[in-house]
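Chemist: With our numbering, the residue at position 181 of the sequence shown is 181, and numbering never jumps.
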Amino acid sequence: MQQHAKRWALCFNDSSLFLVALLAVLHTRNQPVIPGNCLSGPLNEQQQHYDAVLTDMSLNLLKPQVKLPLTEGLAKAVDLLPILPNANITLFTSGSTGQPKKIIKSLAAMNTEAHWLASLLSKTISFNQVQATVSHQHLYGLTFRIWLPLSLGASFDARMKTYQEELAASVNKTTLIITSPAFIKRIDASLATCPCAGLLSAGGLLPWQDAERITQWTGSAVTEIYGSTETGVLAWRYRNLENPHWTPFDTIYFQPASGNKLGRVFSPLIEDAAGYPLSDRLVFNEAGQFLLEGRLDRTVKIEEKRISLDEVEQRLKGLPQVLDAAVVILERHNRTRLGAVLVLSNNGLELKSKLTAGRFTAQLREALQGWLEPVAIPKNWRIVEKLPLNSMGKLSQPLLKELF
C-alpha cells in the first residue's frame, strides 16, 4: 500500500476482492471507507474523507487509486498485524441536509449484528451458502452478504445477481437469498421454481402481493428486516401473513413519537446514550411489537434506494440552467417517482428556446447522471416563473403537486 495513505476508500464490483481489500486495510491498521456508490462525481466530492482508493473499476478520480487484482510482480507478502479491538468502518448514507452523512460502524457492532441474525435464522433456516441481489457498498449488503456468512463459515458469491435467471442458476436448497423489494417485484413466478433455504429482504416495505409471489417461486416465506445505516438492525417479521407486526431484536428499546417530537430508539449498536431519532412513525401493540405508518422527514425510499429530496434539489440548483428548484413525490401506476419544478436561469431560458421540451429535459437528466442514482433523477418536469408559496411565504407542497 502507498506509504502515506491511511484512509482507504473501497469501491468494488467483486465481493471477494472487496473482502480482501477490507481485511488488508484492517490488518494494516488503516481506516476502511465504504462510499454508498462508486460514481466518480460523488467520490471526488467526498475526497476529504479518504486518502486513496482500492478498486477493481476504472474510475476518474482526483486521489490516488490502486486497482485489484494487482498485476504479477507488484504484489508482495507482508506481515499482518492483529486487527485492533476498537477498529471501525466509515460508511456514508443520505442525510436530511442533502449531503452524504458520515457513519462510523465499529467491528464490535458488526459482530453483534451478525450474532443476532444468526440466532434469528437458526430457528427457521439452515443454509451453507449466500446469494445476493444487493450491493456490499451499502450496510445491508455488507452485513448480510459479507459479514453474516463470514461469521458462520458459509460461502458467498463474489458477484451480485441482477436478473432472476442469474439467481435461479446459482441457488439450491442450501442457499440463503439476500434480496430487496425492488428485486422481488420483478420476479416472474410463472418461470421454473427456485427452491432455497430461505430469503431475507430489507431496504423497504415488501408489498403482500410481492411476498406471495416470491414464496410461490421459491417455496419459502420472506423474513423482512427493519433498520438503517445509523442504527443497525432493529426488528424483523416473517411474511407468512399479509401485515404481521415487527418484533424488535432483544435489547432494542423504542421511545414512540409524541406530538411533533420524533421517537427514539436505543440499542447496544448505538453509542449515543440518548439513542437515535426515528424518522418512521411506529404504532405499537401491547406485546411491544409495532407497525410502520410512514416517514417524518424528507428522505424517501424509491426502489429501496434511500433518496434525499434535499440533495436532489441541491443538484438541480447547481446546474447552470436552473435558478431555483423544488422536488415532489409522485405516485404513478403504483410506482413512486420524483417530479421537479424549475425556475430557469437566463442560461436555461436561452437554451430552452433553442430546443424541444423533451430534448431540454433530457439534457438536464444527462447532467445529473454523474451525481445521482438513476431512481433519484426526476422523471416528470415542470417549468414555472416562480415557485408557488402559501400565505405564510413557505413553499407549498399541495400547489407543487397540482402542477402535475
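For each residue, glycine too, the CB sits at the ideal point set by N, CA and C.
Remember, it's a predicted structure, so these values are computed and weren't measured experimentally.
Should Leu282 and Leu292 be called a contact, given that it needs their Cβ atoms to be closer than 8 Å?
Modeler: It is a contact, given that the beta carbons lie within the stated cut-off.
Chemist: Quick check on DSSP: helix, strand or coil for Pro277?
Modeler: Correct three-state label for Pro277: strand.
Chemist: Identify which residue in Ile302, Thr229, Ile178 and Leu364 has its Cα closest to the Cα of Leu351.
Modeler: Ranking Ile302, Thr229, Ile178 and Leu364 by Cα distance to Leu351 puts Leu364 first.
Chemist: Which one of Arg186, Val384, Ala5 and Asn346 has the shortest CA to CA distance from Glu303?
Modeler: For Glu303, the nearest C-alpha among the options comes from Arg186.
Chemist: Any idea which residues DSSP pairs Tyr238 with across the strands?
Modeler: Partner(s): Thr223.
Chemist: Which value, in whole angstroms, describes the spacing of the CA atoms of Leu70 and Leu17?
Modeler: Straight-line Cα distance between these residues: approximately 11 Å.
Chemist: According to DSSP, is Leu364 helix, strand or coil?
Modeler: Reduced to three states, the DSSP call for Leu364 is helix.
Chemist: Over the uninterrupted alpha helix (DSSP H) stretch that includes Val25, give me the two end residues.
Modeler: Ser15 to His27 is the extent of the alpha helix (DSSP H) around Val25.
Chemist: Just to confirm the assignment, what range does the alpha helix (DSSP H) spanning Leu51 have?
Modeler: Checking the displayed sequence, the identity of residue 51 turns out to be Asp instead of Leu. It is not in any alpha helix (DSSP H) - Asp51 carries neither H nor E in the DSSP assignment.
Chemist: Restricting to Cα atoms, I'd like to know which of Leu142, Leu81 and Arg337 is closest to Gly232.
Modeler: Checked all of Leu142, Leu81 and Arg337; the closest Cα to Gly232 is Leu142.
Chemist: Could you give the first and the last residue of the continuous beta strand (DSSP E) run that contains Tyr132?
Modeler: A quick correction: the sequence has Ala, not Tyr, at residue 132. Taken as a continuous stretch (DSSP letters only), the beta strand (DSSP E) holding Ala132 covers Gln129 to Ala132.
Chemist: Evaluate contact between the segment 302–317 and the segment 142–158, counting only Cβ atoms and requiring at least three cross-stretch pairs below 8 Å.
Modeler: The answer is no - the segment 142–158 does not touch the segment 302–317, with fewer than three Cβ pairs under 8 Å.
Chemist: So what's Ile89 in DSSP terms, helix, strand or just coil?
Modeler: The answer is strand: DSSP assigns Ile89 an E or B state.
Chemist: In this structure, does DSSP put Ser96 in helix, strand or coil?
Modeler: With a pLDDT of only 36 at Ser96, under the threshold of 50, the placement of this residue in the model should not be trusted; the figure read from the coordinates follows. Reduced to three states, the DSSP call for Ser96 is coil.
Chemist: Across which residues does DSSP place Tyr253 in a beta bridge pair?
Modeler: Bridge partners of Tyr253: Phe266.
Chemist: With a threshold of 16 other CB atoms inside 10 Å of the CB of Phe404, please say whether the residue is buried or exposed.
Modeler: It is exposed - the Cβ of Phe404 has fewer than 16 other Cβ atoms within 10 Å.
Chemist: Ends of the alpha helix (DSSP H) at Asp310?
Modeler: Looking at the DSSP string, the run of the alpha helix (DSSP H) that includes Asp310 is Leu309 to Lys317.
Chemist: I need the boundaries of the beta strand (DSSP E) containing Lys301, first residue and last residue.
Modeler: Thr299 to Ile302 is the extent of the beta strand (DSSP E) around Lys301.
Chemist: Taking the continuous alpha helix (DSSP H) assigned at Thr71, which residues delimit it?
Modeler: Per DSSP, Thr71 belongs to no alpha helix (DSSP H) and is neither H nor E.
Chemist: Give the DSSP-derived three-state secondary structure of Gly348 in the structure shown.
Modeler: The answer is helix: DSSP assigns Gly348 an H, G or I state.
Chemist: Looking at the structure shown, is Lys401 part of a helix, part of a strand, or coil, going by DSSP?
Modeler: In the structure shown, Lys401 sits in a helix (DSSP, three-state: H, G or I).
Chemist: DSSP beta-bridge partners for Lys305?
Modeler: BP columns for Lys305 point to Ile302.
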